[in-house]
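**Q**
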Amino acid sequence: MSDFKIAPSILSANFACLGQEVDDVLASGADIVHFDVMDNHYVPNLTIGPMVCQALRKHGVIAPIDVHLMVKPVDRMIGEFIDAGASYITFHPEASEHIDRSLQLIKDGGCKAGLVFNPATPLAYLDHVMDKLDMILLMSVNPGFGGQSFIPGTLDKLRQTRERIDASGRAIRLEVDGGVKVDNIVEVAGAGADTFVAGSAVFKARREEDAHRYDSVIQAFRDALAKTATP
Ligand code: DX5
Ligand code: ZN
Numbered sequence: 012m013s014d015f016k017i018a019p020s021i022l023s024a025n026f027a028c029l030g031q032e033v034d035d036v037l038a039s040g041a042d043i044v045h046f047d048v049m050d051n052h053y054v055p056n057l058t059i060g061p062m063v064c065q066a067l068r069k070h071g072v073i074a075p076i077d078v079h080l081m082v083k084p085v086d087r088m089i090g091e092f093i094d095a096g097a098s099y100i101t102f103h104p105e106a107s108e109h110i111d112r113s114l115q116l117i118k119d120g121g122c123k124a125g126l127v128f129n130p131a132t133p134l135a136y137l138d139h140v141m142d143k144l145d146m147i148l149l150m151s152v153n154p155g156f157g158g159q160s161f162i163p164g165t166l167d168k169l170r171q172t173r174e175r176i177d178a179s180g181r182a183i184r185l186e187v188d189g190g191v192k193v194d195n196i197v198e199v200a201g202a203g204a205d206t207f208v209a210g211s212a213v214f215k216a217r218r219e220e221d222a223h224r225y226d227s228v229i230q231a232f233r234d235a236l237a238k239t240a241t242p
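Residue numbering for the sequence shown follows this note's numbering, starting at 12 and increasing by one per position.
(1) Can you find the residues in the same chain that come closer than 7 Å, C-beta to C-beta, to ILE248, ignoring five residues on each side of it along the sequence?
(2) Ends of the beta strand (DSSP E) at HIS70?
(3) By Cβ distance, which residues of its chain are closer than 8 Å to HIS52, with the 5 residues on each side in sequence left out?
(4) For ALA18, which residues of its own chain have a beta-carbon under 8 Å away from its beta-carbon, when the five flanking residues on both sides are left out?
(5) What does DSSP give as the partner residues of LEU149 in its beta bridges?
(6) Report whether the distance from the Cβ of HIS45 to the nearest heavy atom of the ligand ZN is below 7 Å.
(7) Is any heavy atom in the ligand DX5 found nearer than 7 Å to the beta carbon of MET146?
(8) For the segment 72 to 133, list the alpha helix (DSSP H) runs that are entirely contained and at least 4 residues long, ordered along the chain.
(9) Tell me where the beta strand (DSSP E) around ILE17 begins and ends.
(10) Just checking ASP42 against the ligand DX5 - is the residue's beta carbon closer than 7 Å to any of the ligand's heavy atoms?
(11) Are ILE196 and ALA237 closer than 8 Å when you measure CB to CB?
(12) In this structure, what does DSSP give as the bridge partners for LEU57?
(13) Below 7 Å CB to CB, which residues in the same chain sit around ALA97 once its five sequence neighbours on both sides are set aside?
(14) Would you say the beta carbon of PRO75 comes nearer than 7 Å to a heavy atom of the ligand DX5?
(15) Anyone know if the C-beta pair for ASP35 and ARG224 falls short of 8 Å?
(16) Spatial neighbours of LEU80 within its chain, please: CB distance less than 6 Å, with the 5 preceding and 5 following residues excluded, ordered by chain position.
(17) Let me make sure I understand the geometry here. Which of VAL54, PHE26, LEU22 has the alpha-carbon closest to that of PRO154?
(18) Helix, strand or coil for THR165? Go by DSSP, reduced to three states.
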């Protein structure tokens, strides 16, 4: 049985009606809400913070919220997002002075913890923290913006990461973020990813006859994934 998860990035949603957008994408079959936090410091863009995460919980969202922190420093935001109802909190190791401490803060708050690797960030950051990870997120674009093209070198990095996860024997999700589309998801899954962030691919695929439905694209992802044997 496959355990692939589709995680639409709300960065590409209509922020003027975000609660409805999240309801719609979940009703269309999404598994996880991917929540991009940018601070105009670690990345050159500014998005949403813990108040918006909390607002989604108060709106009634019960699906996992996957908070991708593109902020520096990270530790203060970890506490805020624990209180705001995050499920996963992932951060970029370059942005933390004390990676082990930041991971432990997330776990102590009852959330699932993950590290995020930019295209040029070495996997060596995994060496001493595998026992604290619930997720590894490989960026397949440089972080900061939706709608960029998938960087092909990510495939080899995914394979290397999958080997590390399998060797650890731990249940660590392998997520990929950036430029994931219906026409490349099979290759991405074949390289070892099991959790797929897709922003523009999902939110640009609103159904013409029903603006609240994104089910065609999500089903297209699932149909494509059904062709792969793993995980
Ligand atoms: C980029 C973000 C991504 C982005 C993906 O920094 O982390 O989550 O929204 O968007 P697409 O799928 O359009 O590349
Ligand atoms: Zn992201």
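Ideal Cβ positions, reconstructed from N, Cα and C, are used throughout, including at glycine. Since the model is a prediction, treat every value here as computed from it, not as a measurement.
**A** Checking against the coordinates, here is how it stands:
(1) Absent from the model: residue 248. The displayed extent of the chain is 12 to 242, so no value can be given.
(2) For HIS70, there is no enclosing beta strand (DSSP E); the residue is found in the alpha helix (DSSP H) stretching over 61 to 70.
(3) Cβ within range, chain order: VAL82, LYS83.
(4) In the same chain as ALA18, and ignoring 5 residues on each side of it, the C-beta atoms closer than 8 Å to its own belong to ALA41, ASP42, ILE43, VAL44, HIS45, ASP77, GLU186, THR206, PHE207, VAL208, ALA209, in chain order.
(5) Under DSSP, LEU149 takes part in a beta bridge, and its partners are PHE128, VAL187.
(6) For the ligand ZN, at least one heavy atom lies less than 7 Å from the Cβ of HIS45.
(7) It does not: the Cβ of MET146 is nowhere closer than 7 Å to a heavy atom of the ligand DX5.
(8) Runs of the alpha helix (DSSP H) inside the segment 72 to 133: 86 to 94, 110 to 119.
(9) Run containing ILE17: 16 to 19, per the beta strand (DSSP E) assignment.
(10) Because no heavy atom of the ligand DX5 lies under 7 Å away, the Cβ of ASP42 does not count as near it: no.
(11) Using a Cβ distance threshold of 8 Å, ILE196 and ALA237 do not count as a contacting pair.
(12) Per DSSP, ASP50.
(13) Shown here for ALA97: same chain residues with a beta carbon closer than 7 Å to its own, the five before and five after excluded, namely CYS64, ILE76, VAL78, CYS122 in chain order.
(14) No, Cβ of PRO75 sits at least 7 Å from all heavy atoms of the ligand DX5.
(15) In contact: ASP35 and ARG224 (Cβ atoms closer than 8 Å).
(16) Closer than 6 Å at the Cβ level, and outside the excluded window around LEU80, lie VAL48, MET88, PHE102.
(17) Per the Cα distances, VAL54.
(18) Helix.
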